[in-house]
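Here the structure is laid out as structure tokens; the discussion comes afterwards.
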Amino acid sequence: MSVSESVQMYLLTIYRLTQEGEVAPTNARLAERLGVSAVSVTEMVRKLHEKGLILKKRRAIALSREGERIALNVIRKHRLAERLLVDRLGIPWAHAYDQACKLEHILSDEVANSLEEFLGHPATCPHGLPIPDRQGCIAPQPETWPLAEVQAGQRVVIEQVKEGSVELLNYLVEVGLRPGQEITVEQVAPFDGPLLVSAGDRSFPLSREVAGKVAVSERASGQEGQLSDP
Ligand SMILES: [Zn+2]
Numbered sequence: 007m008s009v010s011e012s013v014q015m016y017l018l019t020i021y022r023l024t025q026e027g028e029v030a031p032t033n034a035r036l037a038e039r040l041g042v043s044a045v046s047v048t049e050m051v052r053k054l055h056e057k058g059l060i061l062k063k064r065r066a067i068a069l070s071r072e073g074e075r076i077a078l079n080v081i082r083k084h085r086l087a088e089r090l091l092v093d094r095l096g097i098p099w100a101h102a103y104d105q106a107c108k109l110e111h112i113l114s115d116e117v118a119n120s121l122e123e124f125l126g127h128p129a130t131c132p133h134g135l136p137i138p139d140r141q142g143c144i145a146p147q148p149e150t151w152p153l154a155e156v157q158a159g160q161r162v163v164i165e166q167v168k169e170g171s172v173e174l175l176n177y178l179v180e181v182g183l184r185p186g187q188e189i190t191v192e193q194v195a196p197f198d199g200p201l202l203v204s205a206g207d208r209s210f211p212l213s214r215e216v217a218g219k220v221a222v223s224e225r226a227s228g229q230e231g232q233l234s235d236p
């Protein structure tokens, strides 16, 4: 099914709101996120429902299988485009997001498949988010939690950084933090104060707000006795 850019944007937004753990996306949340009027949303939601792309239960909206397939296809193109922009064209990853938001609607499936090949089948986008495969499947992801919830003394790996916030990304780039990097939380100030984080021989403070947008996991391999005690 070939669908318009605006249908793609609605499906993508419903997918993202669902992923963010919203109770369930509603017309009101969609209007707010897309920056469009309640009337336009009502009209489009009716169309999407007619086309079988969404399911409705009272006010809650969910994607149908076909709706989800389309959303994941757009996400696949977005994340592959980000990889191209950052890895091959040297565009700072803090700025690649906006460009990829345009490319995601333009790339055909064939071009996306060739791009994936050309890039060597990357598993994630530069933010650490998984790239769906041609069938729209996402590989199992490590369990993550917000850096803001990590206790002092813990060693963790940055898995994902929330997309879209240029200021936040610029700051992380400035201090040299990116997905895949191992860090240690040195101190956690009381009363929701900042975290002191170290990577290698550098350490720097991160506000709770920033730390809340960084998802981390425990590094399994690092705990298997890299520091071998005789
Ligand atoms: Zn990304």
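According to my numbering, the sequence shown is numbered sequentially starting from 7.
The beta-carbon is built from N, C-alpha and C at its ideal position, and this holds for glycine as well.
Within 10 angstroms of the Cβ of residue 79, are there 16 or more other Cβ atoms? Answer buried if so, exposed if not.
Label assigned to residue 79: buried.
Among the candidates 206, 47, 221 and 111, whose CA atom is the shortest distance from the CA of residue 150?
Closest option to residue 150, Cα to Cα, is 221.
For ligand 1, is there any heavy atom lying closer than 7 Å to the beta carbon of residue 143?
No.
Just verifying my parser: in three-state terms, what is the DSSP assignment at residue 63?
Here residue 63 sits in strand by DSSP.
List in chain order the residues whose CB is within less than 6 Å of at least one heavy atom of ligand 2.
Because ligand 2 does not appear in the structure shown, any question about it cannot be addressed here, the ligands present being ligand 1.
Fully enclosed by the segment 170-199, which beta strand (DSSP E) runs are 3 residues long or longer?
If we require 3 residues or more, the beta strand (DSSP E) runs fully inside the segment 170-199 come out as 188-194.
Determine the direct distance from the alpha carbon of residue 18 to that of residue 74, and round the result to whole angstroms.
Cα to Cα, residue 74 sits roughly 8 Å from residue 18.
Using C-beta distances below 7 Å, list every residue in its chain close to residue 89, excluding the 5 sequence neighbours before and after it, in chain order.
125, 128, 131 and 132, listed in sequence order.
The alpha helix (DSSP H) spanning residue 81 covers which residue range?
Where residue 81 is concerned, the enclosing alpha helix (DSSP H) stretches over 71-89.
At which residues does the beta strand (DSSP E) containing residue 201 begin and terminate?
Taken as a continuous stretch (DSSP letters only), the beta strand (DSSP E) holding residue 201 covers 201-205.
CB-CB under 6 Å to residue 106, same chain, minus the five flanking residues each way: which ones, in chain order?
Only 84, 87 and 88 meet the Cβ criterion.
Please list the terminal residues of the continuous alpha helix (DSSP H) segment that includes residue 221.
Unbroken run through residue 221 is the beta strand (DSSP E), 220-224; no alpha helix (DSSP H).
Quick one: grab the DSSP three-state call for residue 68.
Note: residue 68 maps to strand in three-state DSSP.
For a quick check, are the C-beta atoms of residue 98 and residue 179 less than 8 Å apart?
Contact: yes.
Buried or exposed for residue 134, please, with buried defined as at least 16 other CB atoms from any protein chain shown within 10 angstroms of its CB.
The residue is buried, with at least 16 neighbouring Cβ atoms inside 10 Å.
Report the three-state DSSP secondary structure of residue 22 (helix, strand or coil).
DSSP places residue 22 in helix when its eight states are reduced to three.
From residue 72 to residue 58, what does the alpha carbon distance come to, in whole angstroms?
So the alpha carbons of these two residues sit roughly 8 Å apart.
Can you check which of these residues, 203, 113, 30 and 51, is closest to residue 8 by C-alpha distance?
The candidate whose alpha carbon is nearest that of residue 8 is 113.
Between residue 219 and residue 48, what straight-line distance do the alpha-carbon atoms span, to the nearest angstrom?
C-alpha separation (whole angstroms): 31 Å.
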